[in-house]
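Asker:
Chains as they are written, first to last, in this note's numbering: chain A, -10 to 280; chain B, 27 to 341.
(1) Nearest-angstrom Cα distance between residue 63/A and residue 29/A?
(2) Using a C-beta cutoff of 9 Å, does residue 220/A count as contacting chain B?
(3) Mapping DSSP to helix, strand and coil, what is residue 326/B?
(4) How about residue 86/A and residue 174/B: are their beta carbons less than 9 Å apart?
(5) Please work out which residues of its chain come closer than 8 Å, Cβ to Cβ, to residue 49/B, disregarding the five sequence neighbours upstream and downstream, and give them in chain order.
(6) Starting from residue 69/A, follow its DSSP beta bridges and name the residues at the other end.
(7) Within its chain, find whatever has a CB closer than 8 Å to the CB of residue 246/B; leave out the 5 residues flanking it on each side and keep chain order.
(8) Work out the CA separation of residue 141/B and residue 47/A for me, nearest whole Å.
(9) Please check if any C-beta of chain A sits within less than 9 Å of the C-beta of residue 173/B.
(10) Pull up the distance between the alpha-carbon of residue 270/A and that of residue 21/A, whole angstroms please.
(11) Whole angstroms is fine: what's the gap from residue 117/B's alpha carbon to residue 131/B's?
(12) With 9 Å set as the bound, which would you pick, yes or no: does the beta-carbon of residue 284/B sit closer than that to a beta-carbon of chain A?
(13) Would you call the segment 194 to 210 of chain A and the segment 148 to 161 of chain A touching, i.e. three or more CB-CB distances under 8 Å?
(14) Skipping 5 residues on each side, what residues in its chain have a beta carbon closer than 6 Å to that of residue 172/B?
(15) Using a 10 Å radius around the Cβ and a threshold of 16 neighbouring Cβ atoms, would you call residue 234/B buried or exposed?
(16) Between which two residues does the alpha helix (DSSP H) harbouring residue 291/B extend?
(17) What's the gap between the Cα of residue 238/B and the Cα of residue 250/B?
(18) With a threshold of 16 other CB atoms inside 10 Å of the CB of residue 54/A, please say whether the residue is buried or exposed.
(19) For residue 10/A and residue 179/B, which I take to be in contact (beta-carbon distance under 8 Å), what is that distance rounded to the nearest angstrom?
(20) Put residue 64/B into one of helix, strand or coil per three-state DSSP.
(21) Span of the alpha helix (DSSP H) holding residue 174/A?
(22) Residue 301/B: which of 179/A, 23/A, 67/A, 132/A sits nearest, CA to CA?
(23) Spell out a yes or no on whether the segment 30 to 44 of chain B and the segment 211 to 221 of chain A are touching, meaning 3 or more CB-CB pairs, one atom from each, closer than 8 Å.
(24) Assuming residue 33/A and residue 79/A are in contact, meaning their beta carbons sit under 8 Å apart, how far apart are those beta carbons, in whole angstroms?
(25) Tell me whether residue 93/B sits in a helix, a strand or coil according to DSSP, three-state version.
(26) If I measure Cβ to Cβ from residue 95/A and keep anything under 6 Å in the same chain, skipping five residues before and after, which residues do I get?
(27) Kindly give me the distance between the Cβ atoms of residue 88/B and residue 80/B, rounded to whole angstroms, as I take these residues to be in contact under 8 Å.
(28) Rounded to whole angstroms, what's the CA-CA distance from residue 92/B to residue 93/A? Just pull it up for me.
(29) Rounded to whole angstroms, how far is the Cβ of residue 124/B from the Cβ of residue 291/B, which I believe are closer than 8 Å?
(30) Across the segment 184 to 191 of chain A and the segment 160 to 176 of chain A, are there enough close Cβ pairs to call them in contact, namely three or more that are closer than 8 Å?
(31) Since residue 217/B meets chain A, which of its residues come closer than 7 Å, beta carbon to beta carbon?
(32) Using the three-state DSSP reduction, which class does residue 264/A fall into: helix, strand or coil?
(33) Just how far apart, CA to CA, sit residue 329/B and residue 224/A?
(34) Would you call the segment 163 to 170 of chain B in contact with the segment 180 to 197 of chain B, where contact means no fewer than 3 C-beta pairs closer than 8 Å?
(35) Using the Cβ count rule (16 or more neighbours within 10 Å means buried), how would you classify residue 370/B?
(36) Using a Cβ cut-off of 7 Å, pull out every chain B residue sitting near residue 239/A, in sequence order please.
This is the structure in structure tokens:
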């Protein structure tokens, strides 16, 4: 009986969140823009052939301004900028999602342990956390990426390490607020095991803020990926990546500004749509703004 | 109020002492990261073609033949006496270079944070006072966009427009005031966006509090209510965000400096990371991290000082 009741209520909560999210025009705009990005990125292979348009160089058509054949123009090797952008989006979105997922998971486990058990473990975890957070995030990521060498895997590792402490801190403080509530007390009295209480009662109740944080982290990681690739750490040429496209195009931007305008716009719009969704989610989840 | 000064003194001392283990930890983290770097310093300094004997000898001199933990302890014990080693590249003490370049970075970061405060707080307040007005919607959307664009791209776009197309400002280098305009604005806009958004949301919350209603009821002027009663309370969380943003600025300066060719601590850090100049990298990151921690400490103290609720706890 209790199980069924809980299930019913939870479903209702997300329905309620969606109902309130729909009211925000900006959030809907964000969802629509995100949808377009995901569509272009998922079907990038069908829209533009990878070998022919993204990799193969053709100096006969280098640095051409935007036209019907090349919507965003061509770069210094005669490659189609639009094709490179939608294929490059794969890297940004993959790194953004992977980094966020892994760091939310790791941060979640570490934060949950710290917040639930308190005492000594909590102290040690949080002091180590403070140490990592003492280094400005982007600097930490740059140092790790440089030490590990280029490549998408190393990029994900570097960014993840810089993001875990933030998630640990948020999830720990969420747990500290949830744990005080009566239903956790009741579950303890009832004899539920610790992992069960954490997984069944605490995490679902802390989910809202975590989702908001995660959405914004994906946006920030897309920005960080571009920044690191711009510095030459991350994806290696000739594979397309938005930050790397900017750093290559910089030389030619005086007479061919479009090769730096469009990749940057792609980064900005993708990050913006994620932030709009995150912002809308935060308002929709805020119980004080109910009704 | 009597022993407030005493307690602050104790609090500050305690917090400064707490900085020591954190900075030791930061050193350890940076040291471990640099140890992941393939290759050894002897080869880096003498070059690929140097003979193996000379390389081995130099590695031994630098203590690089010892295990990681010993190297770390040696570093710490020498650092405690103020010796952070010499740069592999210039062979000069690492902090000479840092202190030489720091004023440039500081001017940039301080200018950017001040500009961000002057843009972010007033617009944030106006936005909240006129919630849902066209001005509020426009500034919210612009702020959202500013918080979402890659900072280095903003820098490139400004350079494209104001230096290459219009020719109003120099694109790179330092020297005159004109050189600082673009990098400072580039650094400050995303920060201003963060401050604006937070000021707006805390003001919205504050203006709905009972004491604001009381102030209105007793007939206080609307202008005084907003700018004195409400803003004073709404600013508390904003101060924390300003502190955090100042920290981001120091990190962000790394990229912006390299785009605008500014010889600050940021470019130094990037170059030494690239050249695998371990002593210089460790010292630069440690320096930026210490600065960040000190700023956060100052923020906490200011916070405690202006919030009577926290101040009361120390009496």
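Backbone N, C-alpha and C fix where the C-beta goes; we use that ideal spot for every residue, glycine too.
Answerer: Walking through what the data contain:
(1) 19 Å
(2) yes
(3) helix
(4) no
(5) 312, 315, 316, 319
(6) 63/A
(7) 255
(8) 46 Å
(9) yes
(10) 15 Å
(11) 23 Å
(12) yes
(13) yes
(14) 215, 216, 219
(15) exposed
(16) 291 to 300
(17) 11 Å
(18) exposed
(19) About 29 Å separates the two Cβ atoms, so there is no contact after all.
(20) coil
(21) 171 to 179
(22) 132/A
(23) no
(24) 6 Å
(25) coil
(26) 153
(27) Not a contact, Cβ separation roughly 13 Å.
(28) 37 Å
(29) 6 Å
(30) yes
(31) Going along chain A, no residue has its Cβ under 7 Å from residue 217/B, so there is no contact; the nearest lies around 13 Å.
(32) helix
(33) 43 Å
(34) no
(35) The structure shown does not extend to residue 370/B, since chain B is modelled only from 27 through 341, so no value can be given for it.
(36) 182
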